[in-house]
Each structure stands twice: as C-alpha cells, then as structure tokens.
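Using the numbering used here, read the sequence shown as starting at 1062 and increasing by one per residue.
Glycine included, each C-beta is placed from N, C-alpha and C at the ideal position.
Computed from a predicted model, the values in this text were never measured in an experiment.
This report refers to the structure that appears directly beneath it.
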Amino acid sequence: MRLKDKTAIIIGAGQSPGEGIGNGRATAIRFAQEGARVCCADRDLNSAEETAQLAGNGAFAIEADVTREASLAAALAEAVARFGRLDILHYNVGVSLAGGDAPPTEITEEAFDRVTAINLRGFVMAVKHALPIMRAQEGGVILSISSAAAVESYPYVAYKATKAAMLAVTEQVANQNAGHGIRCNTILPGLMDTPMAVDTRVRHTGKTRAEVAAERDAKVPLRRRMGTAWDVANAALFLASDEAGFITGVALPVDGGRLVQIG
C-alpha cells in the first residue's frame, strides 16, 4: 500500500489498439493496487473506462484532449472535485509514427505541430494547471513518460525533439518547485512491448507482429527481450511513492541496459 490515501490523475490512461497492455493502463492498475484513488483521463473515454474498471479502488474515467488546454484544466479540476486534493499527476501521452512523424528531410509542418502539441505542449499545460493545486497543498508529485529516444539515435525528428524537451521541462519544474515540496521526475522507456510501440509499427511497416517484436528484442542487452508496460508502471510507482521522497529532477531509464550499451 505504498500509495495509500494518495490521489492521482493519469493522462493517457487508455491505450492504442493492439496486443497486450499499455503503459498508462498498467500504471493506473499498479497505482490502484497500492492504494491510490485514480482518475483515468484519455481522449478515448471508452478506453479510459476500461482502465478504470480494471484498476478498481474507486477509479473513475474522464475524457481529456491533451491538445486543448481547457480540456486538461477541466480534467484536473474534476479530479480535485472528486478526491479533494491531487497528489500525483502522471502524463503518459506520446505519439510518433501515428502522428505523421518522419525524418528531418521529410517532416511536414502539420505533423511536427501535431506531435509537438501532444507530446510536449500537453505536458506543459497539464503541469501549468497542476502546480497551483500542489503548491497550495505544499506537496505533490509530477511524473511523465519521455523516452530513451530523447538521448539515443532515433530516425524521426518530432518525437525525439519533444521527448528531449520533456527532460528540460522536468528539470525546470523540479528546480522551481522544490521549495513547495513538489517533486518532478520523468521515465525514459526503452524498447517496450506495448500496443503503441509494437502494433503501430506493424500497421505502418506491413511486417508481422512477430517480426517487429523479434527485431526489437534483438536490440535489448538484458535477456534480449523488450520490457513491458509493467516495468514502466513499477518505475512510476516507485517515483510516485514516499520511497522516492528525496528524488527530484531525474530522468530514469527503464530500458534493459540499452542506454548503457550505447554509452
């Protein structure tokens, strides 16, 4: 019960179509298992409701569009109205290929703006509306999902740029709000076996899921096997808990040693 009596909103608690479980859903379940009351926010309300049902412990779903500041503000306000406070904001949203991302010589303005709005601007706007709540409480935890792509070679420009920028925002928020007892950290997942990571590539490449998974597995030093959403969820659980009470401003790789191998 590491999050007993804590309240959390997970933005991106639904998941993309495909096999297995996504990071947001797994994190909502783990938070609830550890005693948190969870607001499951997602643009796909049906998917968020599925997550809330799986999580239990009073979890509820709400629709939120991360490309609209007003929608994010409303979701946070609803969480506070239901729970009376907000202990944890977890921004678990990201898009690359599905948003039209491409190499630098092929990216379009529309695709760059779309990926930036979802990955980066949405995070900044969510933080904007969470900070006054947490400052008034004199405490809180802000988490996000960046990516190992932020610091390693990655072929598509918008995803890499936005995920790298999230590291800078994390450090800024951590530095400026430490005096309020607010911690801010981000997670860098490596090659993960999730619907967003694997099944999206299946749809875009025409390869089978087994082929895409095998190619990704081969690149992971630890056991030559991708991580799962549960690995990310457990990292988020630790960072959200009081066990990480002296940790702020960090980017935690969850990547099976891939970044160590790259150096």
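Does the beta-carbon of residue i have 16 or more other beta-carbons within 10 angstroms, so that it is buried, or is it exposed?
i: R1098; result: buried
i: H1265; result: exposed
i: R1244; result: buried
i: R1284; result: exposed
i: V1234; result: buried
i: E1304; result: exposed
i: M1062; result: exposed
Using only the alpha-carbon positions, how far apart do residue i and residue j sit?
i: G1075; j: H1241; result: 31 Å
i: R1040; j: Y1220; result: What the structure shows of the chain is the stretch from 1062 to 1324, and residue 1040 is not part of that stretch, so it cannot be assessed.
i: I1308; j: N1246; result: 8 Å
i: R1175; j: T1223; result: 11 Å
i: A1211; j: F1173; result: 16 Å
So what does residue i bridge to, in DSSP terms?
i: F1307; result: Note: F1307 sits in no beta bridge, so no partner.
i: R1244; result: V1202
i: F1121; result: C1100
i: Y1152; result: I1072, S1205
Do residue j and residue i come within 7 Å of each other at the CB atom, strictly closer than that value?
i: H1207; j: L1150; result: It is worth fixing the name first, because residue 1207 is Ser in this sequence and not His. No, the Cβ-Cβ distance between S1207 and L1150 is not below 7 Å.
i: A1140; j: H1190; result: no
i: V1218; j: I1179; result: no
i: N1153; j: G1079; result: no
i: V1259; j: V1281; result: no
i: L1147; j: I1194; result: yes
i: T1112; j: C1100; result: no
Closest to residue i by CA distance: which of the options is it?
i: N1118; options: A1136, I1090, A1142; result: I1090
i: D1126; options: P1314, G1073, I1082, L1147; result: G1073
i: A1185; options: T1289, E1130, M1253; result: Note that residue 1185 is Val in the sequence shown, not Ala. The shortest C-alpha separation from V1185 is found at E1130.
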